[in-house]
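In full-length UniProt numbering, the protein residues as written are 1 to 264.
Below you can see the structure in the form of structure tokens.
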């Protein structure tokens, strides 16, 4: 039984290593497919809009929000990848925030040689979750937001701007978190906590704006459901992942360069 469990564990670890290698090698392919998909979907929304564009310039203006949504995670990836090259020996933060447990520090080279180093195993699931945040958030945006002309009602254009800013900002930050996790950057746990905080703050800001505006009642109801869903997803993610990010041996070796003290 133990041998079967050990074999299964080794199999999962190997699969996670293959997945991480795929992310290192195939991101450009994913980026190209992503841009093509969002541009096609955005163009379809513009073409099928009840009040379609009257000129090419107006069509470009209606397509612009969807282009921003498509480009924001790419910007996050490029900026993070350029700031944190693969194999970078990044320094540890001066102040340690995660103080639960008993640990002893190890040097950078010892950490990298440790079997627990790297975003593998259960950590690879977090990588997938961070990456999936982008298409899920974008799909919700595409389903909820229509393509609008300049002469649309003022409340509709305001709502379009707010929804676009929300998706653009969070797609950017979640992709930055993805790169930092993939490349074992020590500031990753703090960056993820920051992204969660920004996400919730944006939802409250949108709710506050909606409460003081003249949005139609059905729109307010739909917006409220979307905001509540976004907040719930962040809280569930934090509930699931924070204990792991604080206590996991792999996370502590990879991002904090320390190992658990064992009783001698």
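Don't be surprised by glycine CBs; every beta carbon is placed ideally from N, CA and C.
- When DSSP reads this structure, residue 260 sits in a beta bridge with 103.
- In this structure, the beta-carbon distance from residue 84 to residue 90 falls below 9 Å.
- Nearest to residue 52 by alpha-carbon distance, out of 166, 218 and 148, is 148.
- In this structure residue 63 is buried. Its beta-carbon is surrounded by 16 or more other beta-carbon atoms within 10 angstroms.
- Where residue 249 is concerned, the enclosing alpha helix (DSSP H) starts and stops at 249-255.
- Taking all protein chains shown into account, residue 131 has 16 or more neighbouring C-beta atoms within 10 Å of its C-beta and is therefore buried.
- In this chain, the alpha helix (DSSP H) harbouring residue 203 covers 188-211.
- About 6 Å separates the beta carbon of residue 70 from that of residue 39, a gap short enough to meet the 8 Å contact definition.
- Per DSSP, residue 166 is one residue of the alpha helix (DSSP H) stretching across 154-182.
- The alpha-carbon of residue 214 is positioned some 7 Å away from that of residue 155.
- DSSP, read as helix, strand or coil, puts residue 82 in helix.
- Residue nearest to residue 145 within the set 135, 153, 134 and 160 is 160 (criterion: CA-CA distance).
- Per DSSP, reduced to three states, the secondary structure at residue 222 is helical.
- For residue 134, same chain residues with a beta-carbon under 7 Å away, outside a window of 5 residues either side, are 73, 171, 174 and 175 in chain order.
- Taking residue 195 as the centre and dropping the five residues before and after it, the same chain places the C-beta of 170, 173, 174, 176 and 177 closer than 8 Å to its C-beta, in chain order.
- Collapsing the DSSP output to three states places residue 185 in coil.
- Note on geometry: alpha-carbon atoms of residue 165 and residue 128 lie some 24 Å from one another.
- Straight-line spacing of the CA atoms in residue 226 and residue 142 works out to 13 Å.
- For residue 129, the enclosing alpha helix (DSSP H) covers residues 122-144.
- Residue state for residue 24 is assigned as helix, using DSSP reduced to three classes.
- In the DSSP assignment, residue 112 falls within the alpha helix (DSSP H) that extends over 108-113.
- The shortest CA-to-CA distance from residue 158 to any of 119, 223 and 122 is the one to 223.
- Remark: C-beta atoms of residue 88 and residue 190 do not approach each other more closely than 9 Å.
- Each residue's CA atom was taken as its position, placing residue 259 and residue 104 some 5 Å apart.
- With fewer than 16 other CB atoms across the displayed protein chains lying within 10 angstroms of its CB, residue 95 is exposed.
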